Each structure stands twice: as structure tokens, then as C-alpha cells.
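Structure first, then comments.
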Amino acid sequence: MPKAEIIQKVIRIENTEIPLYSGEIHYWRLDPMNWRAVLHRAREMGLDCIATYVCWDFHEYEQGKYDFCGETDSRRNLIGFLDLLTEEGFWIILRPGPYIYSEWKNGGVPDWAAKYHRLHPEFQKLAKQYMQEVTQAVLPYLVTNGGRIMLWQSDNEIDPWPHWYTEALGLGKQPGVFQDFLKQNYPSIEDLNRIWGTSYTAFDQARAVMNMVPEEPVKMRRYLDFGRFTHWYVQEVAKWGVTTYRELGVDVPIYLNTYSGVGTQPWSPLESFADLVGSDIYPSLNFEKRGNEHRNFLDAVRYAFSFSRLPYIAEFQSGIWHDWLGDVGMLTASHYQMVCLSALAAGAAGWNWYMLVNRDNWYQSPINEWARVRPDLFNAFSKMMEIVKTIQPHTLEKQTRTALTFDPLQRATVRPAQNLLQAFYDAGLDYDFFDLPGGSCTKEVLFYTGGVWLAQQAQQKLLSYVKQGGHLILLGAYPYLDDFLLPCNELGIPEPDGILKGLPSLSLDLSLNTTCKSQWLFHFEKVPGKAITATRKSPDNLVAEENALQWDLQSGQEYTIGYTQTIGQGKITVIGLEPSPDLILSIHHYLQKKSAICSLTSGIYTSLFRRGNEYYVFVINSTSEDKTVVLEFDPDFLQASKQEAIDMVSGKPFKFDKQLTGFVARKNGAVIRLEGESA
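Take 354 as the starting number for the sequence shown in our numbering and just add one per residue.
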């Protein structure tokens, strides 16, 4: 029988490659009389794949009694819906849970099971009974049995929900799963006491610290263990679900989905035992209602691109839950276009629009419950499908030379280096991520985007990257503690001798052939490599002439703010300044490692992809103004040549000579195809 697998960013079934673009339709929330008409509208949009949840709470209508054929309610006719999808020629993504959330009571789990957390033996017993029933009902529909189900989700956004299951998890007054986790991770109670600063005689005495206390290192260690516990719990649930479905005969790729960040689910490790991991992302209108929202969106997709065999958005905004309507806003066609183009620009190679069709508790989708469309939204979605079918994102190679580090435990807890990440975004530079726990880095330049603590093994990976020829940049921060906040400095970075503060900022001439401002700097008496210096100059923001003498007193003072040291075949550069967009750009120019593509127009994000001698440029205008954008390429990636191109979104022309120039509407984007070659 046919074999289904994920290869080269597509689902491959025998010799058929299926790019993973789909829309979610919940059969049990629609009148079955409208199923076929709704599917026809999905086909009109350009979709060949449909995803659906299967709701445990709805199909087990009495405890121990199941209906998947519509005998008790026509909306329970899962088999009929699968037959219709097969007849219409759609590929199928099945999402049977046990948990589905889906804006349903108990997240889709019956009352008798919902009172137990997901690792509780009683929950697993009840869940397995349901999993056996639903799997037995749909096994004939797997592609491996000649059917159309090509992808299977084993659980939804796994979360220990510590606020709901506090005591059962051992996070409150009594021991539980948390203490079991500690026993697995500490060889003895003495080892726990050494890290926690306690004097317990048994693990059951340990109590969790669930809130960050940065000013108290001992409590921070306990808080980090709570973060580790959360990631561990999610992985244990995921392993159980995937293993159980495999034992029940599911032999198509199994995937898991996550929240939009790694605070609860550790994305990369999940893909070590599931076939695929995808995130769920629901931006506010035009990325305007949450802080740094567009940058965080791009980074979520970039992180998936760094490790996943198929960078995938498992739930991609198409409408919104009624409870989030106020937070998200009324979604427009241009919003959807900007969201889709931003995902492609960051490296996405697939998504599932959730929800493709309106239903209870869900609004603003392009198709409604009666298969009628909102033409503005429907046309925008159709345009995005036309673009992905034309450019085939799964075949494109992202053109970057810079990477930034990504440590899931850091991001889940303290979220360091936000100013550095924002500086990259404001500079308009594209980059990839280096997943420190499980990945490797082949980029020429690597910026450390962590804090003062980092696991010893991760520090050693950074050192190995340098020794093998990479250039590691530590701007404004470096790790000198391990992830238990104990001394650990594998990179050998010396402690600064002092730190200066500006009022409000220091104006500096740098030996990197540039000038900059910084609110602070740290300086050294001695450094292990070639010194990088900063010379103070007169501030240019004098507002009271009577202070002129004092403001000029320190002009000409020189400080060693960092250094570049050769280690093995590579280099480490340490710079003790506050990150800024101009400084990021200056560092790249000084190293002669320019970005593959860079916008000379402010407020524009851009990225470059290649397939043979075809190049695709993505341009996102996140500002509130229409703009004529000017883009510049590093000839190492693409040499300038005279040609005209058409924006695939608007149909407007772009001109490419020494630079690429064209129009991009406010809160929208562009995709331009060029022909050329690298140096």
C-alpha cells in the first residue's frame, strides 16, 4: 500500500508531492446539507486539502457509547464527511484529539475525563478508549489503506494547565507529578538541596515557584525548574499520544501543534518523536494591538524554519473566536495578505487556515455556514493560493548569512535580548535562528541573543561553532552562568572592569569606522584579542548653553569596549554597547558581511529566496503609509541587472537596475520574481 512521509517540505505519497496548504472545516458544526457546497467553495479558492477536528465530547454521546455514522445526530456522521471528501478528491488532515479545544466545552473532552490532567492514569485510560474507537472507525481512510487521510494530529496545544490542576500536578500544597519530575532530573535530594538552597530530606517536600523572581537567585533556580517541568510534561503527554496512535495502527505522519511561543511547548524536541510540529498564530489587525507583534510573528516562523522538516503554521488565522474579537479587531483583506506574505517571507512552507468556514463561536472567515463568501476576503485568500502555487515555497532556498541564537528555556522564562531582536527588526535585516539545544549553525555570522545564563552544553556548542570557522558576536550581553545560575564561562569572556552610563546617552566614535549612541558601555583594562575602542565626543543634543563646558569635559576619553579574538578557525567579537539598528548595520559592514538584501526605506521588512537562477523578493510594508521602496542586494547573493518585474500581489511594476524599486501599499506586501545570478 502507499507510504506517506514528510520529505523536502512536502507530504509525499508514493510519487505524489503534496504541499501542505489546507483549510479547517468542522463538519459537526455545519448542516450536513451544506457540506458539499462548502467544499466546492474551498476548491474554488484553490485548496486541495481539508483539515477537521473530531470532537470526543460530541461523538461519545453517553459514556461508553459512540456514534461516528450519524445514527443519533446527522452532524455526527464523520464517516459520511470522509466519504464526501474522498468523492470530491480532497486530501484530509484528521485532528481527533483527545483534546481539540476548538472553542468547545472542556476543550472537546467529556466531563468525566476533563477533571483529570493529561498524565493522570484515569485520563489516559478514558482517552485511550476513545482513541481506539475513533481510530478503528477511520483506519480505512488512511492513505496507507487507499484512503485520503495523509496527516494525523495526536493532541492539541498540550498544556499542563497549572492554574486548573495545581494540586494534582504537585505545584501547590501536596506532592504530585512535579516531584516525580524532580526525582528524574536530580540524582539525589542532596543535589536538589545544593541547587535550591534547601534542606529537604525527601523530594515530596519540594514546592514549586511558578513566578519569576529575578532578584533572588535561589528562587530563580526553582522557577527555572518549573519552566523545565512544563516542557517535560508537554513532551511526556506528546510521547504518550503519538505512541498510542501508532500502536492503534496509525501509520501516516503524526503531527503536534503549539502556541505561538515556546513558553509552554518546546517546539524542537517535540519533532524528535512526532513527524511534524506546527504553531498556531492569530495576529491582531495589521499587527497593531500587541507590542512588537510583527517581529514576534516573523520570529515564530523563523524558529520553525530553523529546525522543522516542514515549517508549518498548524492553525493560521482565518477569522477569530468571539472571545478574542475585541483583542484582534475586524480583519480585512489586506490584513490577511500581509499576514500570509509575512509568513512566506520568514520561511513558511505550509499552513492550515483556521477556520476556513464560519461556525458557532467563530466569525470573519472567507466562507460562511451556507457556503456564501465574503468576496473581499475570499479573493484575498484565493490570491494567496495562486501565489504559493506559482512560487512553490517548499522549493526555495532562503538567502541569509546571519543567524541569531535561540534557547527555548531562556525564551520560555526570562525572554532575554529583546532590544537586540528589535534592533535587527528596525534595521530591516533578515536572519535565521540557531536552535541551541538541537540544531547546528552553518551561517558565517552568529549573534548571541541570550542573557547571562546559558546551559554549559549550549555554551560549548557556541565555542565549537567558532572553532570550526564561524564568527560569534556578543553584543551587550554574554553568558557567564549555566542554566542553574552557577558560574560557567566556556567562551572565556573576561568580566568588564567598569560600566559607564550616559545622560541620557553617550555619543561615541568607534574603531569599527562608525559612530553611535549608547545609554551605557562596559569597558576593559585588558582584552584577549584585538581591542575595539570607543571615544567619547561632545553630545549633539545640548539643550542649555550654560551646560556646554561640562558636557564637553569627557570628550576625547577612550575606552576599550570589546575585542575580536581568533579561536581555532573562527572568531569571537565582544562589544559592550547597547544594541541599536545603526550599530547592527555597522557591524555587518565592518565585517564585510552585508545582508543578502536590505531595505533603504524605513519601516520595510524584506527577504530573498532562490531556486536556480530564479529569485523571489518578499517585501512587507508594516507602516501606515504607502511607500516607494528601494532595496539593495549583496552581489554575493544577487548581482544587479537591468530588468523589469511585476509584483505578483498588486500587478504593479518594479524596476531592477543597481537597486530594486517599486510601490508597496500600507499594511500590505509584495512578491517580485527576478532572474539573475550570484557573484
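Cβ coordinates follow ideal geometry from the N, Cα and C atoms, glycine included. Computed from a prediction, not measured in an experiment: that's the story for all the values here.
Is there contact between the stretch 424 to 444 and the stretch 758 to 777, where contact requires at least three CB pairs shorter than 8 Å? Taking 8 Å as the limit for Cβ pairs, the verdict is that the stretch 758 to 777 does not touch the stretch 424 to 444.
Quick check on this structure: which residue in Pro847, Asn974, Tyr419 has the alpha carbon closest to the alpha carbon of Gly929? Along the sequence shown, read from residue 1 onward, the residue named residue 929 stands at position 576. Among Pro847, Asn974, Tyr419, the Cα nearest to that of Gly929 belongs to Pro847.
Phe877 to Pro849, Cα distance in whole Å? Taking the sequence shown and counting its residues from 1, one reaches residue 877 at position 524. Taking the sequence shown and counting its residues from 1, one reaches residue 849 at position 496. Cα-Cα distance, rounded: 5 Å.
Given Asp533 as reference, the closest of Glu424, Arg428, Tyr586 once Cα atoms are compared: Position 180 of the sequence shown, counted from the first residue, corresponds to residue 533. The shortest Cα separation from Asp533 among Glu424, Arg428, Tyr586 belongs to Tyr586.
For Leu859, which residues from the same chain have a beta carbon less than 7 Å from its beta carbon, with the 5 sequence-adjacent residues on both sides left out? Counted from its first residue, the sequence shown places residue 859 at position 506. Around Leu859: Leu853, Lys870, Ser871, Leu874, Arg889.
Pull up the CB-CB distance for His906 and Ile885, whole angstroms please, since I reckon it's below 8 Å. What you label residue 906 is simply residue 553 of the sequence shown in a count that begins at 1. What you label residue 885 is simply residue 532 of the sequence shown in a count that begins at 1. A quick correction: the sequence has Leu, not His, at residue 906. Actually they do not touch by this definition, with Cβ atoms about 24 Å apart.
With respect to the beta strand (DSSP E) encompassing Ser621, which residues constitute its N-terminal and C-terminal limits? Counting from 1 along the sequence shown, the entry for residue 621 is found at position 268. Note, Ser621: premise wrong, no beta strand (DSSP E); alpha helix (DSSP H) at 620 to 623.
Mapping the DSSP letters down to three states, classify Thr766 as helix, strand or coil. For the purposes of this step, residue 766 is identified with residue 413 of the sequence shown, where counting begins at 1. It is helical.
Measuring CB to CB, does Ser960 end up less than 8 Å from Lys642? In the sequence shown, the residue the question calls residue 960 occupies position 607. In the sequence shown, the residue the question calls residue 642 occupies position 289. Judged by their CB atoms, Ser960 and Lys642 are not nearer to each other than the 8 Å cut-off.
What does Pro840 pair with, by DSSP beta-bridge criteria? Stepping through the sequence shown from its first residue, residue 840 is reached at position 487. According to DSSP, Pro840 bridges with Leu834.
Do you know whose CA, among Lys362, Pro606, Ile914, lies nearest Leu861's CA? Residue numbering aside, residue 861 sits at position 508 when the sequence shown is read from its first letter. When each option's Cα is compared against that of Leu861, the closest is Ile914.
Assumed close pair Phe971, Asp788 - CB separation to whole angstroms, cut-off 8 Å: Mapped onto the sequence shown, residue 971 falls at position 618. Mapped onto the sequence shown, residue 788 falls at position 435. Not confirmed; about 23 Å, so no contact.
Going by DSSP, which residues form a beta bridge with Tyr969? Residue numbering aside, residue 969 sits at position 616 when the sequence shown is read from its first letter. According to DSSP, Tyr969 bridges with Phe962, Arg1026.
Looking only at C-alpha atoms, which of Ala555, Gly792, Glu600, Asp604 sits nearest to Pro493? Position 140 of the sequence shown, counted from the start, is the residue given in the question as residue 493. Taking the Cα of Pro493 as reference, the smallest distance to any Cα among Ala555, Gly792, Glu600, Asp604 is reached at Asp604.
Is DSSP giving Tyr1041 helix, strand or coil here? A question about residue 1041 goes unanswered here, because the residues of the chain that appear run from 354 up to 1032.
Local conformation of Ile682 per DSSP, three classes: For this step, residue 682 is matched to residue 329 along the sequence shown. A small fix is needed here, since residue 682 is Gly in this sequence, not Ile. Gly682: coil per DSSP, three-state reduction.
Rounded Cβ spacing between Arg501 and Phe443 (contact assumed at less than 8 Å): The residue you call residue 501 lines up with position 148 of the sequence shown. The residue you call residue 443 lines up with position 90 of the sequence shown. With 8 Å as the limit, Arg501 and Phe443 qualify as a contact, their Cβ atoms being about 7 Å apart.
From this set, Tyr380, Glu441, Ile445, which residue's C-alpha is nearest Ile403's C-alpha? Taking the first residue of the sequence shown as 1, we reach residue 403 at position 50. That would be Ile445, whose Cα lies nearest to the Cα of Ile403.
Alpha carbon to alpha carbon, how far is Ala466 from Trp409? As a first step, residue 466 must be located in the sequence shown, where it is residue number 113. As a first step, residue 409 must be located in the sequence shown, where it is residue number 56. Rounded to whole angstroms, Ala466 to Trp409 spans 10 Å at the Cα level.
Distance, Leu678 Cα to Ile453 Cα: Looking up residue 453 in the sequence shown gives position 100. Looking up residue 678 in the sequence shown gives position 325. About 20 Å.
By the DSSP assignment, the alpha helix (DSSP H) with Gly594 in it spans what residues? Here residue 594 corresponds to residue number 241 of the sequence shown, with the count starting at 1. Looking at the DSSP string, the run of the alpha helix (DSSP H) that includes Gly594 is 570 to 600.
C-beta atoms of Pro515 and Met573 nearer than 8 Å: Reading the sequence shown from its first residue, position 162 is the one you call residue 515. Reading the sequence shown from its first residue, position 220 is the one you call residue 573. Against a cut-off of 8 Å, the Cβ pair of Met573 and Pro515 comes out as no contact.
First through last residue of the beta strand (DSSP E) which encompasses Pro857: For this step, residue 857 is matched to residue 504 along the sequence shown. First-last of the beta strand (DSSP E) with Pro857: 851 to 863.
Identify every residue that forms a DSSP beta bridge with His712. Looking up residue 712 in the sequence shown gives position 359. Before going on, a small fix: residue 712 reads as Arg here, not His. DSSP lists Trp715 as partners of Arg712.
In angstroms with no decimal places, state the Cα-to-Cα distance between Glu424 and Glu415. Residue numbering aside, residue 424 sits at position 71 when the sequence shown is read from its first letter. Residue numbering aside, residue 415 sits at position 62 when the sequence shown is read from its first letter. About 14 Å.
In the DSSP output, what is Lys980 paired with across the bridge? On the sequence shown, position 627 is the one that residue 980 refers to. Lys980 pairs with Val1017.
Which residue from Gly803, Arg648, Lys814, Gln618 puts its Cα closest to that of Pro790? Taking the sequence shown and counting its residues from 1, one reaches residue 790 at position 437. It is Lys814 whose Cα lies nearest to the Cα of Pro790.
Span of the alpha helix (DSSP H), counted from its first residue to its last, around Gly433: Locating residue 433 in the sequence shown gives position 80, where the first residue counts as 1. First-last of the alpha helix (DSSP H) with Gly433: 431 to 441.
Which residue wins for smallest C-alpha separation from Thr554, given the options Glu543, Arg560, Ala561? Residue mapping note: residue 554 aligns to position 201 of the sequence shown, counting from 1. With distances taken between Cα atoms, Thr554 lies closest to Glu543.
Given 8 Å as the limit, is there contact between the stretch 910 to 926 and the stretch 823 to 836, that is, 3 or more CB pairs closer than that? yes
Boundaries (first-last residue) of the beta strand (DSSP E) holding Trp873: The residue given as residue 873 occupies position 520 in the sequence shown. Residues 867 to 876.
Taking Leu472 and Val407 to be in contact with their CB atoms under 8 Å, please state how far apart those CB atoms are, rounded to whole angstroms. Here residue 472 corresponds to residue number 119 of the sequence shown, with the count starting at 1. Here residue 407 corresponds to residue number 54 of the sequence shown, with the count starting at 1. The Cβ separation is near 22 Å, so there is no contact.
Thinking C-beta only, is Gly923 closer than 8 Å to Lys1081? Missing from the structure shown is residue 1081; the chain here goes from 354 to 1032 and no further.
Which residues does DSSP list as the beta-bridge partners of Ser793? By one-based count along the sequence shown, residue 793 stands at place 440. Partner(s): none; Ser793 has no beta bridge.
CB contact flag (Ala591, Arg655, <8 Å): Along the sequence shown, one-based indexing puts residue 591 at 238. Along the sequence shown, one-based indexing puts residue 655 at 302. Contact: no.
Sorted by chain position, which residues of the same chain lie with C-beta nearer than 6 Å to Glu441's C-beta, five sequence neighbours on each side aside? For the purposes of this step, residue 441 is taken as the residue at position 88 of the sequence shown. For Glu441, where only same-chain residues beyond five positions count, the Cβ hits under 6 Å are Leu392.
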